[in-house]
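Take the sequence shown: its position 148, counting from 1, is numbered 206 in our numbering, and each next residue is one higher.
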Amino acid sequence: MGVGSVLSIYMLVLAYYACDATATNTKLISPKSQGSTHALSLIARSDYRNDAPDFEQIVKLIRGMRADGLLRHAGPLLEIVLGERESTCTNRAAYAMIRNFFEKHPIRNFKVLHQGGGQSAYLMGLYMDQSGDSFKVRIFFGVHEGKWEITRLVFR
């Protein structure tokens, strides 16, 4: 076991006991140091953030056919799948592709089928256009610099 692993385990144990002591016996840790126990709990959970992206906002943007707003939730590069066409492209190129899709397929309805949080969050839905065609939608998210971003967008 390396020095880094031992140090990480030590910090986790220290954070656990500091937080546990605060909860059960306030005499062990003074009120002035409770801010530092919060900092320790942040160290213990290095991925401290919301557990899921803002799914409601993403759904509103799809229903409003807002390619610009949708891609504000994406990073500088993302994977786009439209039908059989798949590519990794810049956010600007993805915007043009999604805007073109929305123009060719004006929305009639978008129904959320499933969504999941955790480290690999996703949203699955069914996009129906005004001509009766339907597309399965899958949106995958990742965390970049502490913020949820769309990493892959599929309309198939």
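Note that CB positions come from ideal geometry on N, CA and C, so glycine has one too.
Exercise for review: Name the two residues that bound the continuous alpha helix (DSSP H) containing Met155.
Suggested key: DSSP places Met155 in the uninterrupted alpha helix (DSSP H) bounded by Asn149 to Lys162.
Practice item. With a 10 Å radius around its C-beta and 16 neighbouring C-beta atoms as the bar for buried, classify Pro134 as buried or exposed. Key: It counts as exposed.
Check your understanding: Per the contact definition of three or more C-beta pairs closer than 8 angstroms, is the region 159-178 in contact with the region 115-124?
Key -> Contact between the region 115-124 and the region 159-178 is present: 3 or more CB-CB pairs across the two stretches fall below 8 angstroms.
Exercise for review: Can you tell me which of the three DSSP states Glu114 falls into?
Suggested key: Secondary structure at Glu114: helix, using DSSP grouped into helix, strand and coil.
**Study point:** Sequence-distant residues of its chain with Cβ nearer than 8 angstroms to Asn149 (five each side left out)
**Key:** Excluding sequence neighbours, Asn149 sits near Leu129, Ala132, Gly133, Pro134, Leu135 and Leu136.
Review point. Expressed to the nearest angstrom, what Euclidean distance is found between the alpha-carbon atoms of Met155 and His202?
Key: C-alpha separation (whole angstroms): 23 angstroms.
Check your understanding: Can you give the beta carbon distance from Arg166 to Met182, rounded, assuming they're within the 8 angstroms contact cut?
Key -> Actually they do not touch by this definition, with Cβ atoms about 18 angstroms apart.
Point to revise | C-beta contact flag for Asp109 and Gly176 at 8 angstroms | key: The answer is yes: Cβ separation under 8 angstroms.
Check your understanding: Is DSSP giving Tyr74 helix, strand or coil here?
Key -> Its pLDDT being 43, under 50, Tyr74 is placed unreliably by the model, and the measurement read from it follows with that caveat. Here Tyr74 sits in helix by DSSP.
Review point. What separation, rounded to the nearest whole angstrom, lies between the Cα atoms of Leu119 and Gly127?
Key: Cα-Cα distance, rounded: 6 angstroms.
Practice item. In angstroms with no decimal places, state the Cα-to-Cα distance between Lys205 and Gly174. Key: When rounded, the distance between both Cα atoms is 16 angstroms.
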